[in-house]
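What follows is a short report on a single structure.
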Amino acid sequence: MVRQRARQIAVKNAQRAPIALWLRQSVYALLLPSLLSLLACGQTAARAEGEQSQPESPKSAREESTLNSDVVVEKPTPGTNLNIEKEGDYSQKLYLEGEKALSERRYETAEAYFKASLKELYRSTNRLHLQDLELSMARLDLAMQRNDQAYRALTKLAHGIKVDQHGNVNKSKGALLLSELAEAELRLSRFDEADKHIRQAMRLMQKGYQGLPALKERGIAEGRLARVLSHRGLNQDAKEHFQAAVDLLEQEPGYKQLDLADLLRQEALFYRDIGARKTAAQIFERACAIKASASNSQKTRSLTGEIDYVWEPGSPHSHEIIDQDFPLRYIEVNNTRVAVTVIDLWELAGLLICVTNTDEHRHVFGLGEVKFYKVVKDPGSGVVRSYEQIPQVDHSRIDRIRRERNIWDLTQNRPWLANIQKTRNFRGLVPPNGHDLFRGPNVFGVWGEWPGISHVVPTRVAILPSRENVFYVDEAEEEGSRESGLIRSEGIRQMGLLPISMEPLESRTGELFYLYPRNEDVEVRVTVGNTTYSFPFRCRKRRIN
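Positions in the sequence shown are counted from 1; adding 10 to them yields the working numbering.
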């Protein structure tokens, strides 16, 4: 009986087992996806919470300042040639335009292009040409005399370049970078480092490294090595390298032969320092002739490139009327004479700038801005590190007439200064047998704000055709043939230039006022057309009583 009861229970359990198994599998099938989805949601939430808790990667200060700058980048319209095929192409195009402007010495235009390219580059993820852009900006700093800033940028870029004992480098721009770094070190009197880097650059260039303009870059490097050797007293070796540099640059002289002119100027300074004055004068003449052919008094620097003339002792075009208080320095090139002096007015510095037409024909001059810089030097070595621009004092906010009288009281016994402070249409204050530096007509006033001056035609020439050419307008005639005192249009309308037509030996003298940087080295830069004339001065330590 018991066995029969146990057999019945076993049969019932066997019959129930498939049903229980099926129910268990059904429950697992329903619950398992829900559990998996809940687990996945929990992991996603935890990951999101972790990402929110992690701080964002900080941007560099330069990147933040560039993105927040006021550089306006205009996107190209569909009808233009700038087709953006992928992200970063527009920045690349801006960079190439900046490189072109830099090679043509349009420095302000190149700086605008580089800043716009850098801003577009920081907005994108494609930053392949970032190092090339930073190298070009450092070269621009060197061209604009920002020596300390260029040295820091080039040193930072040089850390990413590894040069072994055989001269191999892992960057395509390595030779150019090392050469530019040597130039910055030369200007900062780091001669040991400059010697090392320029020799490394020359080893790379001699191998014909891909992507380098061999002749031009090798010529510039030879000139830099010659300057290093001259500072170390190895004059004979420096002469050989200067000659090699000239030979190379004569084959590839650069834009309008200006790279050759810069090298000739450095060579002339070298021969002047070793006492070969005749040779130095000949080389100076050749360099100035190249610059004179590229100089244009009617076009801006943004169109034709910047030409610079620096007043320096030994140059045949640099002259000075020696005076203990107010030395007058002037440069006379290309039928243009620019003279500058600095007057100590106690708390103010009064600048007198005179531009004279020294040709026998009438010419139109585009007179530009005048800038006044304080030369920042290293206190230990006296090396020029940079230039700080001194802001101009608005002449309408001071008693300008009183300041003019102060200048006259200080300079009236100096004929060369008294003669340019008078508006006249005849010979100046000096007698015929006296000083005749400024003997033609002159207009005096605030720089760039001269009034119109009427001219009186003598009776003996009144029967001749009108000098003003009012009724003989010809578009093909030479610019500047009309009389500027009566006819407003002088033929040029360039941004930032004031067109002035001047007769033979006629002058325009302007005055400007700045805060006086007492006991400091300063530099005055005057722009005439695309040419900048630079004049160094030393401000007085004690004021004139």
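For every residue, glycine included, the Cβ atom is placed at its ideal position computed from N, Cα and C.
These numbers were taken from a predicted model, which means no experiment stands behind them.
So, for residue i: in the same chain, excluding its five sequence neighbours on each side, which residues have a beta-carbon less than 8 Å away from its beta-carbon?
i: Lys-387; result: Val-393, Val-394, Arg-395 and Asp-531
i: Glu-118; result: Arg-311 and Ser-312
i: Glu-227; result: Ala-185, Leu-186, Ser-189 and Met-215
i: Arg-234; result: Ser-189, Ala-192, Glu-193, Leu-196, Ala-204 and Ile-208
i: Pro-337; result: Glu-330, Ile-331, Thr-351 and Phe-547
i: Asp-142; result: Tyr-105 and Lys-183
i: Arg-237; result: Leu-196, Ala-248, Gln-276 and Phe-280
Since residue i sits in a beta bridge, which residues does DSSP pair it with?
i: Gly-520; result: Ile-363 and Gly-455
i: Tyr-132; result: Beta-bridge pairing links Tyr-132 to no other residue.
i: Pro-509; result: Gly-376
i: Leu-6; result: Any question about residue 6 goes unanswered here, given that the chain covers just 11 to 555.
i: Thr-537; result: Thr-542
i: Thr-346; result: Val-343 and Asn-367
i: Lys-381; result: Arg-535
i: Gln-399; result: Tyr-383
i: Glu-121; result: The partner list for Glu-121 (beta bridge, DSSP) is empty, contrary to what the question assumes.
i: Glu-330; result: Arg-339
Compute the distance between the beta-carbons of residue i and residue j, then report whether it is under 9 Å.
i: Pro-509; j: Phe-375; result: yes
i: Ile-293; j: Ala-255; result: no
i: Phe-2; j: Arg-413; result: There is no way to answer for residue 2, as the model of the chain reaches only from 11 to 555.
i: Gln-431; j: Ile-408; result: no
i: Ala-278; j: Gly-324; result: yes
i: Cys-298; j: Gly-520; result: no
i: Glu-448; j: Asn-423; result: Looking at the sequence itself, residue 448 is Phe, so the reference to Glu does not match. No.
i: Thr-3; j: Val-348; result: In the structure displayed, the chain extends from 11 to 555; residue 3 sits before or after that span and is not available.
i: Leu-145; j: Ser-101; result: no
i: Glu-379; j: Gly-506; result: yes
i: Ile-411; j: Pro-527; result: no
i: Thr-541; j: Ser-199; result: no
i: Glu-516; j: Asn-452; result: yes
i: Arg-115; j: Ala-148; result: no
i: Leu-150; j: Ala-126; result: no
i: Phe-454; j: Thr-433; result: yes
Which two residues bound the contiguous alpha helix (DSSP H) that contains residue i?
i: Asp-151; result: 140-153
i: Gln-216; result: 201-216
i: Gln-253; result: 245-261
i: Gln-276; result: 268-283
i: Pro-425; result: 425-428
i: Phe-294; result: 287-304
i: Gln-159; result: 157-168
i: Ile-417; result: 410-421
i: Tyr-105; result: 99-113
i: Ser-312; result: 311-314
Counting only the same chain and skipping the five closest in sequence on each side, list residues whose C-beta sits under 7 Å from that of residue i.
i: Ile-284; result: Asn-245
i: Val-320; result: Ser-544
i: Asp-335; result: Ile-554
i: Ser-240; result: Ala-248 and Phe-280
i: Asp-369; result: Asn-345 and Pro-514
i: Glu-107; result: Tyr-123
In terms of residue numbering, what span does the beta strand (DSSP E) encompassing residue i cover?
i: Val-238; result: No beta strand (DSSP E) holds Val-238; the alpha helix (DSSP H) holding it covers 224-241.
i: Leu-9; result: An answer regarding residue 9 cannot be provided, because it is not within the stretch 11 to 555 covered by the chain.
i: Asp-318; result: 317-320
i: Ser-189; result: Segment 184-197 is the alpha helix (DSSP H) holding Ser-189; no beta strand (DSSP E) there.
Excluding the five sequence neighbours on either side, which residues of its own chain have a C-beta within less than 6 Å of the C-beta of residue i, listed in chain order?
i: Lys-301; result: Ala-271 and Ile-317
i: Lys-85; result: Its pLDDT being 43, under 50, Lys-85 is placed unreliably by the model, and the measurement read from it follows with that caveat. If we look at Lys-85 and ignore the five residues flanking it on each side, it has no Cβ neighbours.
i: Asn-93; result: Any answer about Asn-93 is weak, because its pLDDT of 42 lies below 50 and its placement is not dependable; what the coordinates show is given next. Result list for Asn-93: empty, nothing under 6 Å.
i: Thr-87; result: Note on Thr-87: pLDDT 42, under 50, position unreliable in the model; no value is reported.
i: Leu-258; result: Leu-225, Arg-228 and Gly-229
What do you reckon, is the C-beta of residue i under 8 Å from a heavy atom of the ligand PLP?
i: Gly-458; result: The ligand PLP is not part of this structure, which contains no ligands at all.
(Q) With three or more C-beta pairs closer than 8 Å as the rule, is the stretch 533-540 touching the stretch 404-415? (A) No: fewer than three Cβ pairs fall under 8 Å.
Q) Taking one C-beta from the stretch 157-166 and one from the stretch 119-133 each time, how about it: are there three or more such pairs within less than 8 Å? A) Segment contact: the stretch 157-166 against the stretch 119-133, fewer than three CB-CB distances shorter than 8 Å; contact not assigned.
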